[in-house]
Amino acid sequence: MSKRIGIYARVSTRNGQTVENQLRQLNEVADRMGWTIAAVWTDEGISGSKGR
């Protein structure tokens, strides 16, 4: 039985990572590890450096 995981992606202005790039990379890791992605969360337009 494969491990079920959730993935989270957000804008990274420091690293220049888009949400789409992060999701692609996280999906590749999950595939390589044999994990099933049960949920995906994203924060478009919100970086860790922005105040809320």
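Just so you know, the UniProt record's numbering puts 18 at position 18 of the sequence shown, and the rest follows in order with no gaps.
Using N, Cα and C, we set each Cβ at its ideal position, and we do this for glycine too.
query, result
"Run through DSSP, which three-state label would Arg10 get?", "strand"
"Using C-beta distances below 6 Å, list every residue in its chain close to Ser12, excluding the 5 sequence neighbours before and after it, in chain order.", "none"
"In terms of DSSP beta bridges, what is Gln22 paired with?", "BP columns for Gln22 are empty, so no partner."
"Can you list, in chain order, the residues of its chain with a C-beta nearer than 8 Å to that of Gly6? Leave out the 5 residues immediately preceding and following it.", "Ile37, Ala38, Ala39, Val40 and Trp41"
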